[in-house]
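Down below is the structure, laid out as structure tokens.
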Amino acid sequence: MINYFGLDILLFPLTFIIFLNYIFGIYNIGKKIESFVYIENNEIKILFYFCILSIIILLTSFFIIQNILYAKYFTYLIFLFFFIINLINIRNINLKKIFLIKTYNIDIKIIIFFLVCYFVIGSLPLSDADSLSYHSSYGAHMLKYQSSEWLKNVDLVHPDFLLSGFTEIFNLIGLILFSENFGSYFNIFSLVLIYLYFIKNFNGKKEFSFILLSIISSPIILPMVFSQKIYILPSFILALIFFNIYKSKKLSLINEIIILSSLMLILSFKVSFLYPTIIAIFYMLYRNKKIYRTFGLSIVTGLVFFIPLIIKNYYYHVDFIPPFTGQILNTNADHLNIFAEFLKNYDLRVTLKNLIFLPILFLIPHHGLGGSFLFSLPNIGKIYGIQSLIFFKKKFFLNKEITFIFILLFVSVIFTGNISTRWFLFIFFLMLILLCHLNIKITNFLKKVIYLQTILFGFFIFFYTMYALPSLISKNYRENFLKKHSNGYDFTVKVNAIKNKFDLKNDEKILFEHRSRFWTDINNSHLNISNQWLPLFKKNKSKLIFQDKLKDLVRDEKIKILVIRKKVDIVKLLNNSILDKCKYKFGNFRASHSTRNPFFSGVKNYNWIYFEKFHLNECLKND
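Under this note's numbering, think of the first position of the sequence shown as 509, with each following residue one higher.
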């Protein structure tokens, strides 16, 4: 057990064992229910188990609103129930059949190699900025505050939390069970599930193992393995839904309910799937010809599985899908409109230039700049690789129905206003599933090029795995890994050192602003507020002036230490900002600007100011 600034976390391999108990618990529950429900095929079966998991997440979200303690007790009970049912069914587990294949060709061997490397990478301590900003820090804040009421101020404190959904609740479940890697383990499990699906459904097809290799070895998978964002499985589920509708002549009532429930639950993971979801519903109408039933079930499943997210958003944020509906309805504050525009323009927004170059951007590492882009080798995790050329196989588009569906799905992504390459992942999955289903042959030349790319990328993955592996077995290596690669960790260590130097009282605070909220120790005098869309102080180089909106959040706080980005002339700034009655000390420190990608890491400089007899609010000159 290790303490993460007020949060107790178990170390590897216990974190993985806890995850396995949870996943096998869902599997064994599903097997029991399956005996009473007709499951039409393997696609529907995966959707069925996805629904079971999502319903548990949904129930947890209800308990969060009531009382965070209820959510904790519910999670513990579910975990204990899973443990008991897993013990009862342990005899039924046949490890020899887990990979469902007798002969291992070179493709399968390479796939297993990648999965092993991904497992090590996914077991590493939290490092990526998005997870530390909100995917995991959502759960960390819930446990540190022991309440959900803090969500009502996040539009001022940290708007990233406005985007919270099922991903964040699932990570909260992991943190309740003392595991920091629930999200990344789930992403690896998703890849294993894809592996099992392809082997069970397409073993015997000409290209199935190579196509499966093309998925597992695609560079775009790597950042998703690092992250606690759950994106691989919802994307694959969406692909399975379209594939199932395509190959099915008719859908039974129970299977239609499972499909529509899955669609609505996907939205609770990522609301950007809204447009493909609408397309899927109309595609079902076209195929199934049961207009009233499909529309009726869509409304019912939407009310049960998607509307709760809307209600949660309105309760905490007074917005339906923040910050976007607030922008449309003109109810947003200015900083939230800036945040909304940032999200729309993040990486690659829709422009004629970006659309023209999009096929190339599937192949070449790049850095998006809103309306433009730059080629950037360190951003290799944004590409699908040479396998994306399969998009343009002529035989693939001889089927008019497939062509039409793919055009609609591409347009659905474009319609969001952002065409970052990862938004096309579900289309990538669907394309490769159909490639296997239709038994389309891939040219030897294309195979050789993809193999070459796979070998080169495999070497990179292997060396990084070997480099990071010691951090799983040594506390010293773990600490070093966190300082070098975990965003905000080194900064928080330095902040704590300054705080401890001056021996603050229980009600005295150290005020700072940092995007990585996961490390914020609420019970250890940390006060971390503001963001890049609403900075702590107004833009004034010669004087510290609080943002009006943030004043109320700190008005009653006894702030003894202030940490800010380093100023060139700190003496002049303090003389202009601090009343003469206040004596203070100040200094500076350097902290690593750490990221999971070593090419983007660096060092940032900060100033700290300690107020000897008074507090910050008593010392700032009148605005």
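The beta carbon of each residue, even a glycine, is placed where N, CA and C say it ideally should be.
N- and C-terminal bounds of the alpha helix (DSSP H) containing K992: 983-993
Alpha carbon to alpha carbon, how far is N984 from M509? 14 Å
My guess is that F870 and Y892 are in contact by the Cβ rule of under 8 Å, so how many angstroms apart are they, rounded? 5 Å
According to the Cβ coordinates, are L917 and I787 closer than 8 Å? yes
Please classify N1048 as buried or exposed, where buried requires at least 16 other C-beta atoms within 10 Å of its C-beta. exposed
CB contact flag (L1019, I1067, <8 Å): yes
Please name the residue in I1006, V808, K1059 whose C-alpha comes closest to that of Y1114. I1006
Roughly how many angstroms lie between the CA atoms of K1075 and R857, to the nearest whole one? 34 Å
So who's on the other strand from I677, going by DSSP bridges? According to DSSP, which records beta bridges pairwise, I677 is partnered with nothing at all.
To the nearest angstrom, how far is the alpha carbon of P727 from that of I696? 14 Å
Beta-carbon within less than 7 Å of N821's beta-carbon, same chain only, minus the 5 sequence neighbours each way: which residues are those? D827, F828, I829, P830
Element boundaries [beta strand (DSSP E), containing H945]: Looking at the DSSP string, H945 is not in any beta strand (DSSP E); the run it does join, the alpha helix (DSSP H), is 933-945.
With three or more C-beta pairs closer than 8 Å as the rule, is the region 559-569 touching the region 716-726? no
Would you identify the three-state DSSP class for E1016, choosing helix, strand or coil? strand
Cutting at 6 Å between CB atoms, please list the residues of its own chain near L555, excluding the five before and the five after it. I766, S770
By the DSSP assignment, the beta strand (DSSP E) with I1117 in it spans what residues? 1110-1119
May I ask you to report which of helix, strand or coil DSSP gives L1062? The sequence as given places Val at residue 1062; Leu does not occur at that position. If DSSP states are grouped into helix, strand and coil, V1062 belongs with the helices.
Return the residue from the list F803, N575, R1023, I981 that minimises the CA-CA distance to S655. N575
Pull up the distance between the alpha-carbon of S735 and that of L671, whole angstroms please. 16 Å
Find the nearest neighbour of I586 within the set F803, I537, Y626, Y1092, judged by alpha-carbon distance. I537
Assigned exposure category for D998 - 16 Cβ within 10 Å defines buried: buried
Whole-number beta carbon distance between L1058 and I1037, since they are thought to touch under 8 Å: 6 Å
If we ignore side chains and look at the alpha-carbon of each, how far apart do D516 and F686 end up? 6 Å
Please name the residue, chosen from S979, G1095, L863, that lies closest to G879 on a Cα-to-Cα basis. L863
Can you give the Cα-Cα distance for N887 and F881, rounded to whole angstroms? 12 Å
Does L837 pass the burial test, meaning 16 or more other C-beta atoms within 10 Å, or should it be called exposed? exposed
Evaluate N988 with the Cβ neighbour count: other Cβ atoms within 10 Å of its Cβ, from every protein chain shown; 16 or more gives buried, anything less gives exposed. exposed
Spatial neighbours of I935 in its chain, beta-carbon cut-off 8 Å, leaving aside the 5 residues before and after: A747, F914, L917, F918, V921
Apart from the five residues just before and just after F532, which ones in its own chain have a Cβ nearer than 6 Å to its Cβ? N594
W658 and F847: beta carbons closer than 8 Å? no
Give a yes or no on whether the C-beta atoms belonging to K617 and N947 are separated by under 8 Å. no
In angstroms, rounded to a whole number, what distance separates the CA positions of E688 and W931? 25 Å
For P1043 and D1060, the rounded distance between their alpha carbons: 14 Å
Counting only the same chain and skipping the five closest in sequence on each side, list residues whose C-beta sits under 7 Å from that of C625. I969, F970, T973
Below 8 Å between beta carbons: does that hold for Y546 and S756? no
Just to confirm, is the Cβ distance from P633 to S979 under 8 Å? yes
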